[in-house]
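Report on the following structure.
Protein chains in written order, with my numbering: chain S, 2 to 243; chain U, 28 to 534.
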């Protein structure tokens, strides 16, 4: 059924699916409902026809080798660090955490340690929020917990509040985290997309709140720089500019 | 002091760098803080007419160069009026001969990796040895350098040598070819000239003894100019922007890494890898297989010299592994594959594909994978592919320490392979010194931009440029000494097994 739905440029009605599959209508309808419930199939609200769902794209095909992502993002990560004077990290999802695949030092020649390979909590980092916001199933999984691990007094530990935060992230196209992982530190992240528009990683700047923030939010010019960096890397990966 | 108005005007403008490399041509636009503003690149065809021969089409390269300059301006939303200057960094030694009147090349460019001059080079060294010309030009006899390539080319078809002697043909490395086409001037920069085997390192002029011995008529040679000076304004499609610098790519990287003082060194990891050490205003002759070369010459200031360790095959080994072996789909995946295993499984891969460069200079060597057993997997092969780059660097660093009498205390690394964390860590491990990457990994382009910007006053001096250098990553040695020593011993044994492979009756 999935092959049928992904093989057509158009969409298929229940009758068409039943005809193509040669199965009883009740059986086909049952399968379709199941696939819709896990997000592999979507129903067009106007025509009532079925098409493949966004969640299907997250299966395997969304995978971009972290080493490849680092190599392709090298120049523009440097650009972002030079532009903002803050450290830059690139992250991907790995076993429900954020895997740091690239790290550019804050360009002030101060002693810093390379954090490539480190795993960060998804709900307490800007990169994690960006990745979670576009990965509903992992977000749902977190939502099943009573409370999420706390790192500071500002960490969002209530799954309901996290859901609201992720909605905001999806709407605005970027995420921030202010003292939610480490006291006195903040970060700001935006999504990196590939040519299919699928999110393959997140890029973030992080640093002390007195440099990064203006009130309770990162400076707007820093947010703009992070988003521009993310857009440029995405464009290099073949994403259509948005 | 400059007025405020001038500052604003200049800081809104940019320098473009053309990096005409072995695999592709690129253009990067930089702002006054030395930050990348935009970038465009285009690969060109690698022509392999026979084993060991490598050619490029100079016209294709010229078209690509003009295209990437426009591409970089477009993607940055800029036009030619936003540029104060263009600087050129180029693949070195690659040799073009063209007709002065028509501008048509008489042959494809013969690329630096090409080994067709092996016989000629051996004849030149027959009675006197490989170091016959080292005192004059700082280089050993090797297929790498341009002079013998020109001579081969002039003998490749009837009448060419006579036409060259009559002044009908012009020779140039890629910088000359581009500047001639962009400005109409037949010049080369002193760093590129120092790679021809035809220039005297003391006088910085063509050397008649070398010209006569190698067989290159002086009349076809470009005028040698400083690396940083306005050569002319670009005509036609590049809209009158001054072409204000040219450097060989590795010298450009040395400059881009702001290694302006004696004792500063960098290594650039690309197709091949090149470690250069600034030796100040005097050429240091190598007793350990390194090259003596010109580092740069800024306007009328005295030239700066460098010691160079050139490694022919590093990044290109990864490309070979991708394209010819097919175990990986993209170059960065070599790290993913290599991380599926803990170590190299006991194998060592010496990629002497076109002989060995520094510090061995053995044209008769060919590649080996030593230590193969039934235990070895593709993961181990990937490890050995990466480790080859690090061990080759170690050999060059040892030679550099011996020649200069100064121990390297940290390595400034740049180039595309610095994206490979496993390699950078292994490099720190086998060198036993920290490896540092600067915030602009594109040091080749940055160096060309710096030299061009200095020539037109976009930057006042080299100290200003130094302030733009920042550490972007650092890898510290973690390997224990005995593992390092054992690995190096095995590597050296593997190198021995590459030697004396090519016989006289081989094609």
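By construction, the Cβ of each residue, glycine as well, lies at the ideal position given by its N, Cα and C atoms.
Whole-angstrom C-beta distance between residue j and residue i, which should lie under 8 Å
| i | j | result |
| --- | --- | --- |
| residue 226(U) | residue 234(U) | 6 Å |
| residue 228(U) | residue 164(U) | 6 Å |
| residue 536(U) | residue 265(U) | The displayed coordinates of chain U run from 28 to 534. Any statement about residue 536(U) would go beyond what the structure contains. |
| residue 68(S) | residue 360(U) | 7 Å |
| residue 279(U) | residue 268(U) | The Cβ separation is near 18 Å, so there is no contact. |
| residue 286(U) | residue 420(U) | That pair is no contact at about 16 Å. |
| residue 55(U) | residue 469(U) | 6 Å |
| residue 342(U) | residue 119(U) | With a Cβ gap of about 16 Å, residue 342(U) and residue 119(U) do not count as contacting. |
| residue 1(S) | residue 217(S) | This structure gives no information on residue 1(S), because the portion of chain S shown stretches from 2 to 243. |
| residue 42(U) | residue 480(U) | 5 Å |
| residue 388(U) | residue 455(U) | Contact flag wrong, Cβ pair sits at about 27 Å. |
Separation of residue j from residue i, as counted between CA atoms
| i | j | result |
| --- | --- | --- |
| residue 157(U) | residue 376(U) | 26 Å |
| residue 1(S) | residue 370(U) | No answer is possible for residue 1(S): it lies beyond the span of chain S, which begins at 2 and ends at 243. |
| residue 506(U) | residue 185(U) | 58 Å |
| residue 50(U) | residue 495(U) | 28 Å |
| residue 177(U) | residue 211(U) | 21 Å |
| residue 6(S) | residue 22(S) | 11 Å |
| residue 16(S) | residue 166(S) | 40 Å |
| residue 240(S) | residue 527(U) | 51 Å |
| residue 62(S) | residue 136(U) | The predicted model places residue 62(S) with a pLDDT of 42, which falls under 50 and marks its position as unreliable, so this point remains unresolved. |
| residue 183(U) | residue 461(U) | 48 Å |
| residue 409(U) | residue 339(U) | 19 Å |
| residue 459(U) | residue 66(S) | 30 Å |
| residue 40(S) | residue 135(S) | 13 Å |
| residue 243(U) | residue 174(U) | 7 Å |
| residue 154(S) | residue 467(U) | 38 Å |
| residue 132(U) | residue 75(U) | 18 Å |
| residue 28(U) | residue 491(U) | Annotation note: pLDDT 38 at residue 28(U) (below 50); position unreliable, coordinate value reported separately. Taking the straight line from one Cα to the other gives about 15 Å. |
| residue 184(S) | residue 113(S) | 18 Å |
| residue 127(U) | residue 248(U) | 11 Å |
Of the listed residues the options, nearest to residue i (C-alpha basis)
| i | options | result |
| --- | --- | --- |
| residue 428(U) | 335(U), 85(U), 96(U) | 335(U) |
| residue 77(U) | 296(U), 505(U), 352(U), 140(U) | 140(U) |
| residue 344(U) | 325(U), 379(U), 321(U), 367(U) | 379(U) |
| residue 319(U) | 327(U), 239(U), 337(U) | 337(U) |
| residue 327(U) | 489(U), 256(U), 502(U) | 256(U) |
| residue 281(U) | 128(U), 477(U), 420(U), 195(U) | 477(U) |
| residue 240(U) | 152(U), 195(U), 262(U), 90(U) | 152(U) |
| residue 164(S) | 89(S), 227(S), 137(S) | 137(S) |
| residue 217(U) | 147(U), 333(U), 88(U), 524(U) | 333(U) |
| residue 196(U) | 134(U), 382(U), 445(U), 463(U) | 134(U) |
| residue 329(U) | 112(U), 307(U), 348(U), 350(U) | 307(U) |
| residue 485(U) | 512(U), 403(U), 112(U), 510(U) | 112(U) |
| residue 176(S) | 201(S), 105(S), 125(S), 86(S) | 125(S) |
| residue 515(U) | 416(U), 254(U), 355(U) | 416(U) |
| residue 67(U) | 89(U), 248(U), 251(U), 101(U) | 101(U) |
Element boundaries [alpha helix (DSSP H), containing residue i]
| i | result |
| --- | --- |
| residue 85(U) | 85-102 |
| residue 144(S) | 137-144 |
| residue 164(U) | 161-164 |
| residue 28(S) | 26-38 |
| residue 20(S) | 15-22 |
| residue 241(U) | 235-241 |
Beta carbon of residue i nearer than 9 Å to that of residue j
| i | j | result |
| --- | --- | --- |
| residue 115(U) | residue 214(U) | no |
| residue 123(U) | residue 204(U) | yes |
| residue 210(S) | residue 170(S) | no |
| residue 170(U) | residue 143(U) | yes |
| residue 145(U) | residue 390(U) | yes |
| residue 435(U) | residue 289(U) | no |
| residue 473(U) | residue 297(U) | no |
| residue 498(U) | residue 373(U) | no |
| residue 117(S) | residue 102(S) | yes |
| residue 37(S) | residue 49(S) | no |
| residue 92(S) | residue 203(S) | yes |
| residue 535(U) | residue 425(U) | Given a span of 28 to 534 for chain U in the structure shown, any question on residue 535(U) remains unanswerable. |
| residue 521(U) | residue 398(U) | yes |
| residue 148(U) | residue 220(U) | no |
Limits of the unbroken beta strand (DSSP E) element including residue i
| i | result |
| --- | --- |
| residue 307(U) | 300-307 |
| residue 182(S) | Neither: residue 182(S) is in no beta strand (DSSP E) and is coded neither H nor E. |
| residue 102(S) | 98-105 |
| residue 407(U) | First-last for residue 407(U): 405-431, but that is the alpha helix (DSSP H), not the beta strand (DSSP E). |
Partners in chain B for residue i, counting only beta-carbon separations shorter than 8 Å
| i | result |
| --- | --- |
| residue 110(S) | Protein chains S and U are contained in the structure displayed, whereas chain B is not. |
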